[in-house]
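In our numbering, the protein residues as written are 423 to 778.
Here's the structure we're looking at; comments come further down.
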């Protein structure tokens, strides 16, 4: 389906059920301590609460214990998780692993993921040796790799393997984003073959990751906008709120445009994914716009906050870190714009071109 055709057929408005889901997740997340969650390895109580709400099974068919919902509902949750920076393995387990397992026709692990009894993740670029039921190799920069119960990897023979945590030695990584955990993995032990062809499963997971990062980035940017506007109303200089100054008004207006632009393209990508059509162009558009705009809006928030925005105690720097991390995690905006150009039949950018 062409982008033009999608714009005329895809409804971007939230349904009443989706709006109820948003409010429920907002209420559950509440006022999180974003630093403590990352330092302790996550928030098990929050994960259990999300499971009890049925959030973990949104994209899993009802016959496998899930809710049988779609990308639109998953996107609602992702935006709220981005707004709160909740340190839970939703991106790795519910987006990456669930998508790959579904593509592989798995019926064993998805019910456990839906109930919250199992967490899983995927390495999109690891290739490991697999012989007589045992796997040996390594994977780098794996989302939640140190805490996942199951890691999906591709073997050198092209198989999709499910490697349990008992076959893995994980080394947690210190990265820019203090609220997202990555790890390098050394794999040596038993592993099960889920599919003889890993490529389509990993391709589906990769595309899902791009769509999810865009939705999450919208939540990150929305928090930054709301925080900047609220502060501009109460911070006084020269006897009046700084929000009354033209420079601050213009900056906040630019931030609003950036957030709404990102939300529009992200929602469009989520809706296209739900149609069953190939969302590659829509996903690339969403990533290029949403991740880039999130960096700009979180930086603008810090500038509006002034001195307090640069302190370790204020969470603004955590949102800026997440925005920058999301922009780099799955390809640069330039790469995504090139994907859009090629998909529309335009020539690719010259080799070596970088983001401005």
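We put the beta carbon where it would ideally sit given N, CA and C, even for glycine.
Measuring straight from C-alpha to C-alpha, what distance separates residue i and residue j?
i, j, result
"residue 701", "residue 737", "34 Å"
"residue 613", "residue 443", "37 Å"
"residue 484", "residue 490", "5 Å"
"residue 549", "residue 653", "49 Å"
"residue 519", "residue 543", "5 Å"
"residue 724", "residue 538", "36 Å"
"residue 689", "residue 721", "23 Å"
"residue 599", "residue 554", "39 Å"
"residue 573", "residue 732", "37 Å"
"residue 468", "residue 510", "8 Å"
"residue 696", "residue 492", "6 Å"
"residue 606", "residue 561", "6 Å"
"residue 646", "residue 719", "6 Å"
"residue 512", "residue 582", "21 Å"
"residue 532", "residue 523", "7 Å"
"residue 449", "residue 618", "43 Å"
"residue 692", "residue 730", "36 Å"
"residue 527", "residue 595", "32 Å"
"residue 438", "residue 447", "14 Å"
"residue 495", "residue 728", "36 Å"
"residue 557", "residue 747", "30 Å"
"residue 474", "residue 445", "16 Å"
Considering only their Cβ atoms, is the gap separating residue j from residue i smaller than 8 Å?
i, j, result
"residue 536", "residue 611", "no"
"residue 514", "residue 451", "no"
"residue 569", "residue 541", "yes"
"residue 604", "residue 567", "yes"
"residue 669", "residue 687", "no"
"residue 591", "residue 608", "yes"
"residue 710", "residue 745", "no"
"residue 650", "residue 677", "yes"
"residue 498", "residue 630", "no"
"residue 634", "residue 751", "no"
"residue 627", "residue 521", "yes"
Apply the 10 Å Cβ neighbour rule to residue i and answer buried if 16 or more other Cβ atoms are within range, or exposed otherwise.
i, result
"residue 465", "buried"
"residue 734", "exposed"
"residue 482", "buried"
"residue 545", "buried"
"residue 529", "exposed"
"residue 552", "buried"
"residue 656", "exposed"
"residue 488", "buried"
"residue 588", "exposed"
"residue 659", "exposed"
"residue 743", "buried"
"residue 525", "buried"
"residue 726", "buried"
Once DSSP output is grouped into helix, strand and coil, what is the label at residue i?
i, result
"residue 590", "strand"
"residue 563", "strand"
"residue 605", "strand"
"residue 584", "strand"
"residue 651", "helix"
"residue 452", "coil"
"residue 613", "coil"
"residue 663", "strand"
"residue 501", "helix"
"residue 759", "helix"
"residue 545", "strand"
"residue 754", "coil"
"residue 553", "strand"
"residue 576", "strand"
"residue 658", "strand"
"residue 529", "coil"
"residue 438", "helix"
Going by the C-beta, is residue i closer than 7 Å to any heavy atom of the ligand PLP?
i, result
"residue 438", "The ligand PLP is not part of this structure, which contains no ligands at all."
**Q.** Three-pair Cβ contact test at 8 Å for the stretch 756-766 versus the stretch 661-681
**A.** no
Q: Kindly confirm or deny that the stretch 656-664 and the stretch 618-630 touch, where touching means at least three C-beta pairs closer than 8 Å.
A: no
Q) So does the stretch 743-761 actually touch the stretch 703-714, counting three or more Cβ pairs closer than 8 Å? A) yes
Q) Are three or more beta carbon pairs between the stretch 639-652 and the stretch 496-506 nearer than 8 Å? A) yes
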